[in-house]
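J.:
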Amino acid sequence: METTAKQAWIVDFETGTVLLDKDGTTPVPPASLSKLMTLYMVFERLKRGKLSLEDEFPVSRKAWRKGGSKMFVRVGRKVRLEDLVRGIVVSSGNDASIVVAEGLSGSEAAFADAMNRRARELGLTGSHFVNATGWPDAGHVMTPRDVAVLSRRLIEDFPEYYPYFAEKSFRYNRIKQPNRNPLLYRDTGVDGLKTGYTRASGYGLAASAARNGRRVAMVLTGLASARERTSEARRLLDWAYGSFRNYTLFEAGAAVETADVWLGGEDTVPLVVERDVRITLPRAARPGLKVKVVYQGPVPAPIIRGTRIASLVVTAPEFETVEVPLVAGADIARVGVFGRIGAAITYMLWGPER
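For the sequence shown, the numbering used here assigns the number 1 to the initial residue and increments by one for each residue that follows.
Below is the structure:
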């Protein structure tokens, strides 16, 4: 799929299948998309009970003076954390981000260090933070893939706070500002997350949409204008939902196949999937879907239920091969000494095939 975005990463939320990757692992200036990491740091402390939405943080002169997008806090005042969160999410406030950073870590630089440590733990391998806002700095970068991973963690880890991203406006200090995410105002299924823009980054967007029970995460960067960002995001979302479909191959606990057993109380053991096996495929690739079971057999007894003894391998055109563990669906005891002698004689007479 072609796109005018310089970088793009679109992924199915449930299966983790990447639907579009255009330089998605290239570190680029993220602009305000990096505020998602600032918010993650806040939400994590809220969930652990280390913070309350009613906590108040003081506004420093540095925060008050910061340029770019603002929620318009006043120097010397204290601001409720919930207002700061909404100021970051809806108004994309650089001032609010700095107030939070200083309130949590004492300084923005110390907060950036904490962001980097947590980012590594979250698996954001192509990201490095210098500040809490995404203000241009040569060392401040994220990959679109990392933004998508972070978006997923925000949704999964903090469902109680994710609704902030769907708010269409926020009023503070007698100033009402609209959410800068243009897809919230259109029938796209989008319910978050964030936009970003600097001269170096171009126009970017991290969005998550849900249609008919299926969620897709999308990250676009390097677009030429706000209008192009909106139109390209809508077009790619329609493509992602129209061109791909999720299929359930097996439900958790289903017996996929049986494996031959050597010297066991039973001749075979059922091979079971422990979780639902769902895949995302291009609609045109469905007829070419192939599923096979791979194992080294016969499997020697004794066998303990739940032991991995095989793999389910799923292939299809234009689809990355998926390998799913298969486990024993039953306990199989080893036969006694006379049974083993009988099996050995049978093997010598007839070989492994009886």
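We put the CB at the ideal spot given by N, CA and C, even for glycine.
Put Arg354 into one of helix, strand or coil per three-state DSSP.
T.: Reliability fails at Arg354, whose pLDDT of 40 lies under 50, so the model's placement of it is uncertain and the value that follows must be treated cautiously. Looking at Arg354 - three-state DSSP - the assignment turns out to be coil, as it is neither helix nor strand.
J.: Do you know how far the Cα of Gly297 is from the Cα of Ala166?
T.: Going by the C-alpha atoms only, they are around 54 Å apart.
J.: Return the residue from the list Gly139, Phe13 and Val273 that minimises the CA-CA distance to Arg305.
T.: Of the candidates Gly139, Phe13 and Val273, the one whose C-alpha sits nearest the C-alpha of Arg305 is Val273.
J.: Taking buried to mean at least 16 other C-beta atoms within 10 Å of its own C-beta, is Pro182 buried or exposed?
T.: Pro182 is buried by the Cβ-count criterion.
J.: In three-state DSSP terms, what is Met37?
T.: If DSSP states are grouped into helix, strand and coil, Met37 belongs with the helices.
J.: Where Asn131 and Ala112 are concerned, what is the direct C-alpha to C-alpha distance, given to the nearest angstrom?
T.: Using only the alpha carbons, I get a separation of about 5 Å.
J.: Three Cβ pairs or more, each shorter than 8 Å: is that satisfied between the region 7-26 and the region 64-71?
T.: In short, these stretches do not touch, since the Cβ pair count stays below three.
J.: By Cβ distance, which residues of its chain are closer than 6 Å to Lys290, with the 5 residues on each side in sequence left out?
T.: Counting only Cβ-Cβ distances below 6 Å, and skipping sequence neighbours, we find Thr315.
J.: Which of the three DSSP states, helix, strand or coil, is assigned to Tyr295?
T.: Three-state result, Tyr295: coil.
J.: Look at Ala333 and Val299 and say whether their C-beta atoms are less than 9 Å apart.
T.: No, they are not a contact pair.
J.: Taking 9 Å as the threshold (C-beta atoms), are Ser208 and Thr221 in contact?
T.: Not closer than 9 Å, so no.
J.: Residues in the same chain with beta-carbon distance under 7 Å from Arg152, minus the five sequence neighbours each way, listed in chain order, please.
T.: Answer for Arg152: Phe13 and Ala217, listed in chain order.
J.: Which whole runs of the alpha helix (DSSP H) in the region 7-69 are 4 residues long or more, in chain order?
T.: Segments of the alpha helix (DSSP H) lying fully in the region 7-69: 35-47 and 61-65.
J.: If you count every other CB in all the chains shown that lies within 10 Å of the CB of Ser92, and 16 or more means buried, which is it?
T.: Under this definition Ser92 is a buried residue.
J.: Does DSSP classify Ala5 as helix, strand or coil?
T.: Coil at Ala5, not helix or strand.
J.: Applying the 10 Å Cβ sphere with the 16-neighbour rule, what's the burial state of Lys194?
T.: Classification for Lys194: buried.
J.: Pairing CB atoms from the region 153-172 with CB atoms from the region 84-103, are three or more of them under 8 Å?
T.: Touching, yes, given that three or more Cβ pairs across the two stretches are closer than 8 Å.
J.: Starting from the C-beta of Met1, find all residues in its chain whose C-beta is less than 7 Å away, skip the five residues before and the five after it, and write them out in chain order.
T.: Answer for Met1: Leu20 and Trp239, listed in chain order.
J.: Among Met115, Val313, Ala226 and Val190, which has the Cα closest to the Cα of Thr198?
T.: Among Met115, Val313, Ala226 and Val190, the Cα nearest to that of Thr198 is on Ala226.
J.: Just to confirm, are Gly204 and Arg235 a CB contact at a threshold of 9 Å?
T.: No; because the gap between Cβ atoms is not below 9 Å, this pair is not in contact.
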